[in-house]
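Chemist: Have a look at this one.
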Amino acid sequence: MAEIATPATNLAPAFDACRKAVRAGNWNDGLAAWRDALGTGAVPSAQDTLYRVIARIRSESDPLAGIAELDPSMVTDNAARMDVRRIVVTPFVRDGALAPAAAALRVLVQAWPNLVDDRRLLASVLGRLKRWDEAIEQADAASRIDPHDTGLLASRIQLRLQASQVAEAARIARATLDTIEAGDANAHFWLTALIRNGDGALAARMASALDAAVLPNERAAAAAVQALLADKRIDAAIAAGEYALAAGHEGAALRAVIGQAYLARGHHDDRTVHALNHFARGVELAPKDLRLVSAYGEALLRAGQYAESIEPLKKACELAPEMEHMRAMLARAMRYAGRHGDAAEELLTLVRQQPERLRFQRAAVAALSQTGRKDEASTLYESYLQKRADVLPATFSEALRQLDQKIDSTPITQARLDWAWSMRRDTAHIDRAEWERAARWGYLVDYLLLEWLECRESQIEEAMSLLGNLDVAEAFFAPLLATGKGFVIATAHVGPMYAGLMTLELLGIPSRWLSTTPSVTRASYASALISTADQTEVQVAKECLRALQSGYAVCLAVEGAPNPSAPRVMFEGQEVTYSSFASRAAYRLGLPSLFYAPRWQKGEIVHTFEMLPNPELGEDVEAFALRWQAAYFGHLRDHIAGPPENLRLSGGIWRHVTSVDRSDAGKQAGAARAGSVRIEAQVRRHH
-12 MAEIATPATN
-2 LAPAFDACRK
8 AVRAGNWNDG
18 LAAWRDALGT
28 GAVPSAQDTL
38 YRVIARIRSE
48 SDPLAGIAEL
58 DPSMVTDNAA
68 RMDVRRIVVT
78 PFVRDGALAP
88 AAAALRVLVQ
98 AWPNLVDDRR
108 LLASVLGRLK
118 RWDEAIEQAD
128 AASRIDPHDT
138 GLLASRIQLR
148 LQASQVAEAA
158 RIARATLDTI
168 EAGDANAHFW
178 LTALIRNGDG
188 ALAARMASAL
198 DAAVLPNERA
208 AAAAVQALLA
218 DKRIDAAIAA
228 GEYALAAGHE
238 GAALRAVIGQ
248 AYLARGHHDD
258 RTVHALNHFA
268 RGVELAPKDL
278 RLVSAYGEAL
288 LRAGQYAESI
298 EPLKKACELA
308 PEMEHMRAML
318 ARAMRYAGRH
328 GDAAEELLTL
338 VRQQPERLRF
348 QRAAVAALSQ
358 TGRKDEASTL
368 YESYLQKRAD
378 VLPATFSEAL
388 RQLDQKIDST
398 PITQARLDWA
408 WSMRRDTAHI
418 DRAEWERAAR
428 WGYLVDYLLL
438 EWLECRESQI
448 EEAMSLLGNL
458 DVAEAFFAPL
468 LATGKGFVIA
478 TAHVGPMYAG
488 LMTLELLGIP
498 SRWLSTTPSV
508 TRASYASALI
518 STADQTEVQV
528 AKECLRALQS
538 GYAVCLAVEG
548 APNPSAPRVM
558 FEGQEVTYSS
568 FASRAAYRLG
578 LPSLFYAPRW
588 QKGEIVHTFE
598 MLPNPELGED
608 VEAFALRWQA
618 AYFGHLRDHI
628 AGPPENLRLS
638 GGIWRHVTSV
648 DRSDAGKQAG
658 AARAGSVRIE
668 AQVRRHH
């Protein structure tokens, strides 16, 4: 007579040996016991069959074939469910066999649809398989079963972030903000979703409500600092980060974002001490973290530690060979460390990897020239110019007309626009959008002048037609020229600055211009250029002094500096690069100097000329340099206050503009509630 399963266990005694063997991990013994039981005429129940299926799943090379036999009816008993979790799912997940694990879990979910744990694990496994829609479906279903479980809410947000469904992740984060407490281990998912969706203000408010004393982990601390930083609450971000460290949180991500906050504030010690210290510690914690390694290398470069920056920049290039920005930074570090040949090779690698990125070709030309490979440099430069010429319209007037189509896509940072807007003279009846369009047009037209000057020299008269009447300029220069001596023309990165060279050429003024044009150029105006692209700073300075002593006017943008660690001074609330070389040269040689800025007026390029101070009797060079600097920036400030098309918004004073700190717009981060004295003490300890 066939054995029948008893109601108490739902297992036929004949199949008990199979069950015990499988639970002990003896798959072949279990299968043999199964066959023996069948030989007695016993009839297996669904649960009896489960253990034969498990033995097959674990013993065969293709576990999915066995899982295809797995049926929800086999796991209606909780003990059976737990055996599938323990014997099938857990080892598969541990060994990375995620597809079989997901298939087995799906059967459990079908059998136990209202159980959260299986859905939670299935969502995680599907996420690791990048089966995003299925993973999200399971996480959502689990959260509906237990809507108060913040871990499930976090999974819903995290999976959507991983699936690039950022807007949906942020929607859930916004809708569930009131469920998160400061000590919740998953708080960083809410912050991350809001930050990535551009909800910086809301993320910052959430971060401000957190208290470093109860933050659960360094991920939450890092996300809080990132949220404050994204909302331009820079001081608050720094304070929150330092206090989080003082509270015992530590990690590479936290160090990285604190370092970025110091760079965003941008004071001298922020750049050269604090940011470097945090990045260095972060690299110790995560030596293969690309973001940290690259940030550390670039920060060292910009701090003037050129030789020291090479190793981390090299490491970044090894971690991400396709990361062109890092290779360009590595080449720059090598150049300023005096390794010109190595710099040239790195740039040539970029040229080969990215032949369409013309800016790398210009840098490679300069590097080749500086290392003495003049013929290669010249050939590459001519090819580079031709590629640029090929995409220019046939006429300058046509190129001008096309600028309107490019205005909205012009890459100008909002910080620069905001800073310039704050300095405008006319504060009434100005539409901000129209003002910004005019500013962007000014940026575009100056670069068009450069394109035409370098690539369409045979048609340069077309661009010169924009120059207004030069009688005033000629009259201004007449007494300076009459002395037969040289003089300094101090300009800036404002207005249509590339029109300056054309102006002096038309006036017939013997002049030399500092320029980033490589010295291998064959342009007719090449003799008027002093190249900063392929000479050292000492070489450039000597050439300027020789030109001044020989009676030339030397024109230089004193707030422009190719050196990544050039000195900076304060100007209208921002640190801007500035060189006192021009004022010191004028003092040393006893020569006059003047401020010059081209500008647009009624569709023509006109010129601002203002004499700069001469040394007073008995005045030493330091006092004179400071007085000269004040006069120069006074004229520059007056120019910037004018029409927006005369701003230019690129290079020079614009290069290091940072966003206005909004820390005072909200309350200081809750994570920074301790007094500043206590924070500063902890800062020193953790540096």
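Here the sequence shown is numbered in the working numbering, starting from -12 and rising by one per residue.
Positions of the beta carbon are idealized from the N, C-alpha and C atoms, including for glycine.
With burial defined as no fewer than 16 other Cβ atoms inside 10 Å of the residue's Cβ, what is the status of R6: buried or exposed?
Modeler: Looking at its Cβ environment, which holds 16 or more other Cβ atoms inside 10 Å, R6 is buried.
Chemist: Since G455 and E591 should fall inside the 8 Å C-beta cutoff, what is the C-beta to C-beta distance between them, to a whole number of angstroms?
Modeler: Yes, they are in contact, since the Cβ atoms of G455 and E591 sit about 4 Å apart, within 8 Å.
Chemist: According to DSSP, is M451 helix, strand or coil?
Modeler: If DSSP states are grouped into helix, strand and coil, M451 belongs with the helices.
Chemist: What first and last residue would you give for the alpha helix (DSSP H) that runs through Y574?
Modeler: Looking at the DSSP string, the run of the alpha helix (DSSP H) that includes Y574 is 568 to 576.
Chemist: Can you name, in chain order, every residue of its own chain whose Cβ lies under 7 Å from the Cβ of T382, other than the five neighbours on each side?
Modeler: Excluding positions up to five away in sequence, the list reads E449.
Chemist: Could you check whether the segment 331 to 345 touches the segment 470 to 486, counting it as contact only if at least three pairs of C-beta atoms, one from each stretch, sit closer than 8 Å?
Modeler: Flag = no, the segment 331 to 345 and the segment 470 to 486 do not touch.
Chemist: From this set, A612, P551, H622, Q616, which residue's C-alpha is nearest P585's C-alpha?
Modeler: Cα-wise, what sits closest to P585 is H622.
Chemist: Cβ atoms of A248 and A224: under 8 Å apart, would you say?
Modeler: Closer than 8 Å, so yes.
Chemist: When we look at the beta-carbon of A668 and count the other beta-carbons within 10 Å, is it buried (16 or more) or exposed?
Modeler: Residue confidence for A668 is low, a pLDDT of 35 falling below 50, so the modelled location carries little weight and cannot support an answer.
Chemist: Which term fits S511, buried or exposed, when burial requires 16 or more other beta carbons within 10 angstroms of its beta carbon?
Modeler: Classification for S511: exposed.
Chemist: To which residues of the same chain is A4 closer than 6 Å at the C-beta, ignoring the five residues directly before and after it?
Modeler: Counting only Cβ-Cβ distances below 6 Å, and skipping sequence neighbours, we find A20.
Chemist: Just verifying my parser: in three-state terms, what is the DSSP assignment at W406?
Modeler: Three-state result, W406: helix.
Chemist: Where does I245 fall in DSSP's three states?
Modeler: I245: helix per DSSP, three-state reduction.
Chemist: Quick check: V688 and N173, are their CB atoms within less than 8 Å of each other?
Modeler: Residue 688 falls outside the range modelled here, since the chain spans only -12 to 674, and no answer is possible.
Chemist: Pick helix, strand or coil for W99, following the three-state DSSP scheme.
Modeler: In this structure, W99 counts as coil in the three-state DSSP scheme.
Chemist: Residue ranges of each alpha helix (DSSP H) run of no fewer than 4 residues wholly in the segment 112 to 169, ordered along the chain?
Modeler: Complete alpha helix (DSSP H) runs here, min 4: 119 to 132, 137 to 149, 153 to 162.
Chemist: Consult DSSP for L634 and reduce its assignment to one of helix, strand or coil.
Modeler: Coil at L634, not helix or strand.
Chemist: Beta carbon of C304, beta carbon of R375: below 8 Å?
Modeler: The answer is no: Cβ separation not under 8 Å.
Chemist: Which same chain residues end up closer than 8 Å to S60 when comparing Cβ atoms and leaving out the 5 residues on each side of it in sequence?
Modeler: Correct list, in chain order: A33, A98.
Chemist: From H312 to R206, what distance separates their C-alpha atoms?
Modeler: Distance between the alpha carbons of H312 and R206: 27 Å.
Chemist: Give me the Cα-Cα distance between V40 and V76, rounded to the nearest whole angstrom.
Modeler: Distance between the alpha carbons of V40 and V76 is about 14 Å.
Chemist: What does a CB cutoff of less than 6 Å around E546 pick up in its chain, not counting 5 residues either side in sequence?
Modeler: Within the same chain, E546 has close Cβ partners A479, V563, T564, Y565, G639, I640.
Chemist: Could you check whether the segment 502 to 520 touches the segment 462 to 470, counting it as contact only if at least three pairs of C-beta atoms, one from each stretch, sit closer than 8 Å?
Modeler: The answer is no - the segment 462 to 470 does not touch the segment 502 to 520, with fewer than three Cβ pairs under 8 Å.
Chemist: For S537, count the other beta carbons within 10 Å of its own beta carbon; 16 or more makes it buried, fewer makes it exposed. Which is it?
Modeler: When all chains shown are included, S537 counts as exposed.
Chemist: Following the continuous alpha helix (DSSP H) through S296, name the residue where it begins and the one where it ends.
Modeler: Counting along the chain, the alpha helix (DSSP H) containing S296 begins and ends at 293 to 306.
Chemist: Counting along the chain, where does the beta strand (DSSP E) carrying Q561 start and finish?
Modeler: Q561 -> beta strand (DSSP E) spans 561 to 564.
Chemist: Report the three-state DSSP secondary structure of Q536 (helix, strand or coil).
Modeler: Here Q536 sits in helix by DSSP.
Chemist: Is the distance from the Cβ of E461 to the Cβ of L494 below 8 Å?
Modeler: Cβ atoms of E461 and L494: closer than 8 Å.
Chemist: Are there 16 or more other CB atoms within 10 angstroms of the CB of D82, so buried, or fewer, so exposed?
Modeler: Counting Cβ neighbours within 10 Å, D82 comes out exposed, since fewer than 16 surround it.
Chemist: Measure the C-alpha to C-alpha separation of A(-8) and D171 and round it to an integer number of angstroms.
Modeler: Interpretation of A(-8) is limited by its pLDDT of 40, a score under 50 that renders its predicted location unreliable; no figure is taken from the coordinates.
Chemist: Using the three-state DSSP reduction, which class does H480 fall into: helix, strand or coil?
Modeler: H480: coil per DSSP, three-state reduction.
Chemist: What does a CB cutoff of less than 7 Å around A267 pick up in its chain, not counting 5 residues either side in sequence?
Modeler: Result list for A267: Y283, in chain order.
Chemist: Using beta-carbon positions only, say whether C542 and I476 come within less than 8 Å of one another.
Modeler: Cβ atoms of C542 and I476: closer than 8 Å.
Chemist: R682: which of N65, L25, D70, D23 sits nearest, CA to CA?
Modeler: With the chain covering only -12 through 674, there is no way to say anything about residue 682.
Chemist: Is the beta carbon of H265 less than 8 Å from the beta carbon of R289?
Modeler: No.
Chemist: Taking Cβ positions, are I394 and W428 nearer each other than 8 Å?
Modeler: Their beta carbons are under 8 Å apart, which means I394 touches W428 by this criterion.
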